[in-house]
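Q:
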Amino acid sequence: MRSTYRGARRSGVVLATVTTLLGGVTAALPPTASAAVVDTAASYVLVNRNSGKALDVYDLATADGARISQYTRNDGAWQQWQFVDSGGGYYRLKSRHSGKVLDFANTADRTGLTQWTDHNGTNQQFRLADSSGGYVRLVNRASNKAVDVLDFSTADGAQLIQWPDTGGTNQQWQLVKLGAPSPGTFTNPIKRNGPDPWMQYHNGYYYLATTTWNSTITMRRSRTLAGLSTAADQVIFNLTRPNGCCNMWAPEFHLLGGRWYLYYVAGQNVQDFNPTQRLHVLESSGSDPMGPYSFKADLGSTWELDPSILQHNGRLYLLGSATDGSQSLTITPLSNPYTISGARRTISQPTLSWERQTHPVNEGGEPLYRNGRTMIVYSASACWGPDYKLGLLTLTGTDPLNRAHWTKSPNPVFQRNDANGVFAPGHNGFFKSPDGTEDWIVYHANDSASGGCDMNRSTRAQKFTWNSDGTPNFGTPVRLGTTLPAPSGEPAS
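Note that the working numbering numbers the sequence shown so that position 185 is 165, with each residue one more than the last.
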């Protein structure tokens, strides 16, 4: 069925082209590139105009003949390509992941694009042909056909083939050059594959931890926000306990009483994502956010996600998300950073329409304090849908354990922005600029509306301000790649 549909669709395009040519128009097909220039020392991500997906080594393969497909952009090495000059305006496209180059095995229509050891054959050489808006087509030297997404698919994993160069949007690619930002600036993302981020600035360094979805807890650090994008993740703890060995989500580290306490979610095995997920806490041996840490305590014996710590009137409270008919925000009193001292209470349920898109959810509650006001910014709706977003609770009474003492804002405070290509922004944290004068939010988001609740979500950060009524103004999530001023007080390097 796929081949039949493909042939019928393409026949129409070819017929239209022939008809146009017979009518005396000489520019039916887009012209050969004259302005496209590449930096052979740089790495590029190639993003398809029709799908918004990136040219990708399928399943992270390194073997000759491995399939090349499209996939949601994540800027991993398997989506990074170096242009190697073959002369005469032709290039080989070399994978930063495998070291292999793009290759067509023959010149027939629908031949699948693969990777192969570089022998500089004409079947491995491509020229750039210009399309409108700065997009290019990749035209193979041996076949004179273009790299094409089969059937105009927009799905992850869709096959890439060669087809006569018609200039369709599924043959057009944006060349996104990857590189370091200028001093005093940064660009998002600050970590690819970084869901559920938590960041703190401490003693001259930014420290960042994110979900790993495996049996390790990792952290990276950098003196600049921009430097986090290339900083190495260091394993700071291995989960070896029977009830919490795996599926590590949503780490947060808090400095309480001179030690760091690292709170996280983990379950019993990788395949069992939900029923066994519990809250746990580690304790540092000193004042370094990267530890070493030792296991301190389980925090509850039932399903619960997204731990954080609320401080109010000298007391500690554990924030979480559990089920009570729907997935809701919870709060539990603590007698110290690792000991529960009372019953868990629900303080917010997903009752508003914008909290119930795709699935009703309240989770990821994060405390925010200003001028004596205590607030919680939380994530609402399903993380696997494009409408994951942030809401706001304000403590308008005196007792954080009393649901009636919290007031929910009627509208979301941070949400998707289609124009900027930002979807499902949520699960946030807060940090101060190095000089303490600016407030910043760190969060994750997807690059497309079809993105899921998985490791493809990336970590992003931006400065926020305050409204006249004392509530936060997070503004609009910025487009990936936008150059932004670094936090105030950052060192020059």
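Cβ atoms here follow ideal geometry from the backbone N, Cα and C, with glycine treated the same way.
What do you get for threonine 439, buried or exposed, if any count of 16 or more other CB atoms within 10 angstroms of its CB means buried?
A: Per the 10 Å Cβ criterion, buried.
Q: Under the rule that 16 or more other beta-carbon atoms within 10 Å means buried, what is aspartate 39, buried or exposed?
A: Classification of aspartate 39: exposed, given that the 10 Å Cβ count is below 16.
Q: Find out if the Cβ-Cβ distance for the pair leucine 373, isoleucine 421 is shorter than 9 angstroms.
A: For leucine 373 and isoleucine 421, no; Cβs fall outside 9 angstroms.
Q: Taking the straight line between their C-alpha atoms, what separation do you get for asparagine 474 and tyrosine 71?
A: Lying before the first or after the last residue shown, residue 474 is absent from the chain, which here runs from -19 to 473.
Q: Please report the distance separating the alpha-carbon of asparagine 124 from that of alanine 425.
A: Near 39 angstroms, if we compare the C-alpha coordinates of alanine 425 and asparagine 124.
Q: Considering only C-alpha positions, which residue in the set Leu82, Leu464, Thr417 is nearest to proline 181?
A: It should be noted that the sequence gives tyrosine, not proline, for residue 181. Here the closest residue by C-alpha is Thr417.
Q: Drop a sphere of 10 angstroms on the beta-carbon of threonine 42, count the other beta-carbons inside from all chains shown, and report buried for 16 or more, exposed for fewer.
A: Classification for threonine 42: exposed.
Q: Secondary structure at valine 308, three-state DSSP: helix, strand or coil?
A: Correcting the residue type first, residue 308 is serine in the shown sequence and not valine. Reduced to three states, the DSSP call for serine 308 is strand.
Q: Hey, would you say glutamate 284 sits closer than 9 angstroms to arginine 258, going by beta carbons?
A: Yes, the pair counts as a contact, with Cβ atoms nearer than the cut-off.
Q: Does the Cβ-Cβ distance between glutamine 50 and threonine 20 come in under 9 angstroms?
A: No, Cβ-Cβ distance for glutamine 50 and threonine 20 is not below 9 angstroms.
Q: Of the residues Tyr185, Asp98, His234, Pro222, which one's Cα is nearest the Cα of glutamate 470?
A: Of the listed residues, the one whose Cα sits closest to glutamate 470 is Tyr185.
Q: Compare the C-alpha of glycine 365 against each of Pro347, Arg353, Pro340, Glu346 and name the closest.
A: Considering only alpha carbons, the answer is Pro340.
Q: Flag this pair as yes or no: are the beta carbons of leucine 188 and isoleucine 170 separated by less than 9 angstroms?
A: Their beta carbons are under 9 angstroms apart, which means leucine 188 touches isoleucine 170 by this criterion.
Q: One question on the structure: do glycine 207 and threonine 190 come within less than 9 angstroms of each other, judged by their Cβ atoms?
A: Against a cut-off of 9 angstroms, the Cβ pair of threonine 190 and glycine 207 comes out as no contact.
Q: On the DSSP bridge list, what partners appear for phenylalanine 444?
A: For phenylalanine 444, which the question treats as bridged, DSSP gives the partners Asp419.
Q: Taking only three categories from DSSP, how would you classify threonine 149?
A: Note: threonine 149 maps to helix in three-state DSSP.
Q: For asparagine 254, which three-state DSSP category applies?
A: Here asparagine 254 sits in coil by DSSP.
Q: Is it buried or exposed for tyrosine 243, if we count other Cβ within 10 angstroms and need 16 for buried?
A: The residue is buried, with at least 16 neighbouring Cβ atoms inside 10 Å.
Q: In terms of alpha-carbon separation, which member of Asn150, Phe275, Asp286, Tyr241 lies closest to asparagine 223?
A: When each option's Cα is compared against that of asparagine 223, the closest is Phe275.
Q: Could you tell me whether the segment 388 to 402 touches the segment 141 to 152, where touching means 3 or more Cβ pairs closer than 8 angstroms?
A: The segment 388 to 402 vs the segment 141 to 152: no contact.
Q: If you drop the 5 nearest sequence neighbours on each side, which residues of the same chain put their C-beta closer than 6 angstroms to that of leucine 118?
A: Cβ within range, chain order: Phe106, Val127.
Q: Could you compute how far the alpha carbon of proline 405 sits from the alpha carbon of tryptophan 240?
A: Straight-line Cα distance between these residues: approximately 27 angstroms.
Q: Buried or exposed: asparagine 382, going by 16 or more other Cβ atoms within 10 Å of its Cβ?
A: When all chains shown are included, asparagine 382 counts as exposed.
Q: Helix, strand or coil: how does DSSP classify aspartate 39 here?
A: Reduced to three states, the DSSP call for aspartate 39 is helix.
Q: Is the beta carbon of proline 330 closer than 9 angstroms to that of serine 308?
A: Yes.
Q: Could you give the DSSP three-state label for proline 11: helix, strand or coil?
A: Because the pLDDT at proline 11 is just 38, under 50, the model does not fix this residue reliably, and the point stays unresolved.
Q: Alpha carbon to alpha carbon, what distance is there between leucine 205 and glutamine 139?
A: Using only the alpha carbons, I get a separation of about 37 angstroms.
Q: The beta strand (DSSP E) that contains tyrosine 318, what's its start and end?
A: From DSSP, tyrosine 318 is part of no beta strand (DSSP E); its letter is neither H nor E.
Q: Ends of the beta strand (DSSP E) at tyrosine 273?
A: Residues 273 to 278.
Q: Count the other CB atoms, across all protein chains shown, that sit within 10 Å of the CB of glycine -8; report buried if there are 16 or more and exposed otherwise.
A: Per-residue confidence for glycine -8 stands at a pLDDT of 29, beneath the threshold of 50, marking its modelled position as unreliable; the derived number appears in the next sentence. Glycine -8 is exposed by the Cβ-count criterion.
Q: Take threonine 210 as the anchor and find which of Asn218, Met199, Leu332 has the nearest alpha-carbon.
A: Looking at the Cα atoms, Met199 is the closest of the given residues.
Q: Rounded to whole angstroms, what's the CA-CA distance from serine 133 to serine 306? Just pull it up for me.
A: Using only the alpha carbons, I get a separation of about 36 angstroms.
Q: I need the boundaries of the beta strand (DSSP E) containing asparagine 408, first residue and last residue.
A: It spans 403 to 412 - the beta strand (DSSP E) in which asparagine 408 sits, taken as one unbroken run.
Q: For glycine 137, which residues in the same chain have their Cβ closer than 6 angstroms to its Cβ, ignoring the five residues on either side in sequence?
A: So the qualifying residues of the chain are Ser49.
Q: Pull up the distance between the alpha-carbon of glycine 4 and that of arginine 437, whole angstroms please.
A: Because the pLDDT of glycine 4 is 31, which lies under 50, any placement of that residue in the model is unreliable, and the number read from its coordinates should be weighed accordingly. Distance between the alpha carbons of glycine 4 and arginine 437: 50 angstroms.
Q: What are the partner residues of phenylalanine 63, as DSSP defines its beta bridges?
A: Leu73.
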